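Notes for the one structure printed next.
Number of protein chains: 2
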Amino acid sequence: MSDTTIRDIAKQCGVSVSTVSRALNNHPDIRPDTKEMIMKVIKETGFVPNDSARYLKRSEANSIALLVKGITNPFFSTMIRVMEDMAHNRGFMTILRHVRDEEDEVTVAQALIKERRLKGIVFLGGKFVHDQNVLDQLDVPFIFSTIGNVVSVDENTGEIQEIGPEGRQGRHKIRYANIAVDDVEASCRAVEYLISLGHKKIGIITEGLDCPSVGQLRLRGYKKALEEHGLSCEERLIFEAREGIEHYSMPNGYNGARTLLQADPDMTAVFCISDVLAVGACRAITEMGRAIPADISVIGYDGIELGSYYNPRLTTIQQPVEQIAEKTIAMLFDMMENKAKPQNLIMPAELVIRDSTGPAPAGHPSSQD
Amino acid sequence: MSDTTIRDIAKQCGVSVSTVSRALNNHPDIRPDTKEMIMKVIKETGFVPNDSARYLKRSEANSIALLVKGITNPFFSTMIRVMEDMAHNRGFMTILRHVRDEEDEVTVAQALIKERRLKGIVFLGGKFVHDQNVLDQLDVPFIFSTIGNVVSVDENTGEIQEIGPEGRQGRHKIRYANIAVDDVEASCRAVEYLISLGHKKIGIITEGLDCPSVGQLRLRGYKKALEEHGLSCEERLIFEAREGIEHYSMPNGYNGARTLLQADPDMTAVFCISDVLAVGACRAITEMGRAIPADISVIGYDGIELGSYYNPRLTTIQQPVEQIAEKTIAMLFDMMENKAKPQNLIMPAELVIRDSTGPAPAGHPSSQD
DNA sequence: CTGAAAGCGCTAACAG
DNA sequence: CTGTTAGCGCTTTCAG
């Protein structure tokens, strides 16, 4: 039953608890037949050791954790799979922990480090502004992966700073790195592509400005592109996710496109800061009787698998998921072994042109200035 | 730092460990200002209690676990969200645990029960055949949700039996329930709908027969429909997921449709045992130059959100996700409080007709018998 | 309201 | 190779 302990097993086998423990942990100092006998009893009894007790006692364990905020985001699926594989190959256990919306990822991390004697952590999703003091508390290496350039805020002064690798080590001796594509640049490139196709009224579906995440960076890239090409940035062409609705979701993209198109029927292109949003937007646009890309071009971001299965196939900014995942784990282990210093690693993003974008509809009456 | 313990806090506050513990656990027997003072120090120090130690000592905790096999399956997302909410409303913590492909869900459950003093478990995804002895070992109530009618196998005799509620209680005094749609019936209905549209050559994209999961049930429904309508079941119209590739995935659906269409170019409809597969199939069909539904009809299963966003919008068997989730938690709690007996609960599935299905192309030369 | 003390189940020296 | 023993960090009686 459930409250069988290692002691019961020991008694039943006529050995001491330590011998059972040795059998359980593949310890070399045990006679093979003793071990076999013990394992047999364990199997019969259905005994399962209590992990709380094990981890409490153990001084260390070869494990890292993946803390994921927004696990339904298909963009993370591949990353998780690759990272788990890589860690496994290095003889490490991976703990995959879903961080709820209302939870703070760093707090969760702290608890987990203690509980499971973690050696390293990867954050996927979530904020990219954190309290410096809280960050200081984490005493294992950690990496923010695909979260943008993480920034710290001083609780007292409220001062925000984008700490470079040097400052990060010097002042705070924290050990963390960021790996991400250059969100501002890539977004800018996406919008520039639309501009190059002749689009002038370009909308954006993004996250609210209140939450400091990649959405902000991508919005910045959007504005930059418009500005550099002499296009004005209109309030009504910017749709921000409402509170209460999941940001990176199809319904949100759907709402966004509807709202945008109602606010400005002359919009001819829309940049969605994720592919999932783009899918939602496509549906709305289609239902409003507009053709993609003949009437309206849609461009996404992330490069999830679905993008190439959707109709029309989505033009998107493709993040090199597998490479990012590999780099993340490689660097984390380097940091764990003190072989690498914290750094910001920028990965290249690729504009993948497929079927959801095309030239701006010519001669649209009101698109003339 | 990381190895601050409750004792350090006690020392720093000039109180005993038990007082700190009381502050930590909202125990009533503590003077408000003492508590406040302690909490302040805890906050400043950034102290985080070690969960291993807490759970080791605690005799019980108000928590249940959701064990999910195949967490990338979007079908589970909604279920997870609803269940977490409901458990939360009842004052319970939910532990969401991803079960890897190579892990056995019941083994994971056993470990977790001990470690976290769970009061109940929900299994999402995974096999529906389990070793009766292993099942017996779980001594908290548990529910298989949307896994089909769970079946037990006797390790010695190899005998498989679909245990009804009574037998389940009587012989084994285990406490588990199933909640699911009638997969055979629903699949049969889906295929019958295709037949009613005049389709005769109907393919299926399903899981391998080697793995005892819902795939088998849905395949059975497919065969039943063909049989009852006097259509023969052709080997070449059945595509089973290959080993090594994720079963419920778009690439798998893509391969499936290609293979099927090459094997029999006259196929006019295909039943996919999940919407994700259907999306993959649609892509392949489109790329092969066939129109949906004019040339080929596609029907899915699950009723995920994406289905109504895809082009064409997917006809599908919709599982009442929210209701299933609610029922699951409600019944689990009833079982935990001994208010409900184990049972098989069949939920109604609905055939949702959208745009991916249509009448069989008329007068196709080779479709005549 | 607070403190002292007894373990929760296990691992890891240490001594045979 | 095996047994004895001392805690891991915390909660929880039980006294005050």
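Protein chains in written order, with this note's numbering: chain A, 2 to 370; chain B, 2 to 370. Where a beta carbon is used, it is the ideal one built from N, C-alpha and C, also for glycine. Computed from a predicted structure; not experimentally measured.
Mind listing the chain A neighbours of residue i? Cutoff is C-beta to C-beta under 7 Å, in chain order.
| i | result |
| --- | --- |
| serine 53 of chain B | Ser53, Tyr56, Leu57 and Glu116 |
| glutamine 217 of chain B | None at all; the shortest Cβ gap to chain A is about 25 Å. |
In this structure, how does DSSP classify residue i when only helix, strand and coil are distinguished?
| i | result |
| --- | --- |
| phenylalanine 240 of chain B | strand |
| isoleucine 122 of chain A | strand |
| valine 69 of chain B | strand |
| tyrosine 310 of chain B | coil |
| arginine 23 of chain B | helix |
| alanine 350 of chain B | coil |
| aspartate 102 of chain A | coil |
| isoleucine 246 of chain B | coil |
| glycine 301 of chain B | strand |
| aspartate 86 of chain B | helix |
| glycine 171 of chain A | Note that glycine 171 of chain A has pLDDT 40, beneath the 50 cutoff, so the model's placement of it is unreliable and no number is given. |
| serine 357 of chain A | coil |
| cysteine 189 of chain B | helix |
| alanine 295 of chain B | coil |
| glycine 204 of chain B | strand |
| alanine 285 of chain B | helix |
| cysteine 273 of chain B | strand |
| isoleucine 96 of chain A | strand |
| asparagine 253 of chain A | helix |
Give the interface partners of residue i over in chain B, defined as CB-CB distance under 7 Å, in chain order.
| i | result |
| --- | --- |
| leucine 97 of chain A | His99 |
Would residue i pass as a contact of residue j if the rule is Cβ separation under 9 Å?
| i | j | result |
| --- | --- | --- |
| aspartate 183 of chain A | isoleucine 347 of chain A | yes |
| isoleucine 239 of chain B | leucine 220 of chain B | yes |
| arginine 243 of chain B | asparagine 253 of chain B | yes |
| threonine 316 of chain B | serine 298 of chain B | yes |
| alanine 191 of chain B | tyrosine 302 of chain B | yes |
| isoleucine 148 of chain B | alanine 187 of chain B | no |
| serine 309 of chain A | valine 277 of chain A | no |
| isoleucine 1 of chain B | cysteine 273 of chain B | Residue 1 of chain B falls outside the range modelled here, since chain B spans only 2 to 370, and no answer is possible. |
| valine 353 of chain A | tyrosine 311 of chain A | no |
| glycine 47 of chain A | glycine 127 of chain A | no |
| phenylalanine 129 of chain A | valine 215 of chain A | yes |
| glutamine 371 of chain B | glutamine 111 of chain B | Nothing in the structure corresponds to residue 371 of chain B, since chain B is present only between 2 and 370. |
Name the chain A residues that come within less than 8 Å of residue i, Cβ to Cβ?
| i | result |
| --- | --- |
| threonine 20 of chain B | Residues of chain A passing the Cβ test: none, with the nearest at roughly 21 Å. |
Kindly list the residues whose CB is nearer than 7 Å to the CB of residue i, restricted to its own chain and excluding five residues on each side of it in sequence; keep chain order.
| i | result |
| --- | --- |
| glycine 341 of chain B | It should be noted that the sequence gives alanine, not glycine, for residue 341 of chain B. Here the set comprises Met332 and Asp335. |
| isoleucine 330 of chain B | Met84, Met87 and Ala88 |
| threonine 260 of chain B | Phe240 |
| alanine 285 of chain A | Tyr255, Ala258 and Arg259 |
| arginine 59 of chain A | Arg118 |
| glycine 168 of chain A | Summary for glycine 168 of chain A: the model assigns pLDDT 43, below 50, so the residue's position carries little reliability; its value from the coordinates is reported in the next sentence. Contacts found: none. |
| serine 22 of chain A | Ile7 |
Tell me which same chain residues have a C-beta within less than 8 Å of the C-beta of residue i, skipping the five on either side of it?
| i | result |
| --- | --- |
| methionine 40 of chain B | Ala24 |
| asparagine 63 of chain A | Gly92, Phe93, Met94 and Lys120 |
| glutamate 116 of chain B | Tyr56 |
| methionine 268 of chain A | Lys202, Ile203, Gly204, Leu238, Leu261, Leu262 and Ile297 |
| threonine 358 of chain A | Tyr194, Leu195, Leu198, Ala270, Pro294, Ser298, Val299, Ile300 and Thr316 |
| leucine 1 of chain B | Only positions 2 to 370 of chain B appear in this structure, which leaves residue 1 of chain B out of reach. |
| serine 17 of chain B | Ala11 |
Enumerate in chain order the residues of its own chain whose CB-to-CB distance from residue i is below 6 Å, with the five nearest sequence positions on each side excluded.
| i | result |
| --- | --- |
| proline 75 of chain B | Ile305 |
| histidine 248 of chain B | Glu208 and Ala242 |
| methionine 337 of chain A | Lys120, Gly121 and Pro142 |
| methionine 80 of chain B | Val322 and Ala326 |
What residues from chain B crowd round residue i, counting only those whose CB sits closer than 8 Å?
| i | result |
| --- | --- |
| methionine 251 of chain A | Glu306, Leu307 and Tyr310 |
| alanine 11 of chain A | By Cβ distance, chain B contributes nothing, its closest Cβ being about 17 Å from alanine 11 of chain A, past 8 Å. |
| glutamine 263 of chain A | Result: empty, since nearest Cβ-Cβ is about 19 Å, beyond 8 Å. |
Mind listing the chain B neighbours of residue i? Cutoff is C-beta to C-beta under 9 Å, in chain order.
| i | result |
| --- | --- |
| proline 112 of chain A | The sequence given here has alanine at residue 112 of chain A, not proline. The answer, in chain order, is Val49, Pro50, Asn51 and Asp52. |
How about residue i: is its Cβ closer than 8 Å to a heavy atom in the ligand FMN?
| i | result |
| --- | --- |
| asparagine 90 of chain B | Absence of the ligand FMN from the depicted structure is noted, as is the absence of any ligand whatsoever, leaving it without description. |
Residues within the segment 268-300 of chain B neighbouring chain A, beta-carbon criterion of under 7 Å: Result list: Val280, Gly281, Arg284 and Thr287.
Give the residues from the segment 36-53 of chain B that approach chain A closer than 7 Å (Cβ to any Cβ), ordered along the chain. The segment 36-53 of chain B vs chain A, Cβ under 7 Å: Gly47, Val49, Asn51, Asp52 and Ser53.
Residues within the segment 70-84 of chain B neighbouring chain A, beta-carbon criterion of under 8 Å: So the list reads Ile72, Thr73, Pro75 and Ser78, given in the order they occur along the chain.
Pull out every residue of the segment 303-322 of chain A whose Cβ sits closer than 9 Å to any Cβ of chain B, in chain order. Listed in sequence order: Glu306, Leu307, Ser309, Tyr310, Tyr311, Asn312, Pro313 and Arg314.
Given a limit of 9 Å on CB to CB distance, which residues of the segment 121-145 of chain B reach chain A? Against chain A - using a Cβ distance shorter than 9 Å - the residues of the segment 121-145 of chain B are Asn134, Val135, Asp137, Gln138, Leu139, Asp140 and Val141.
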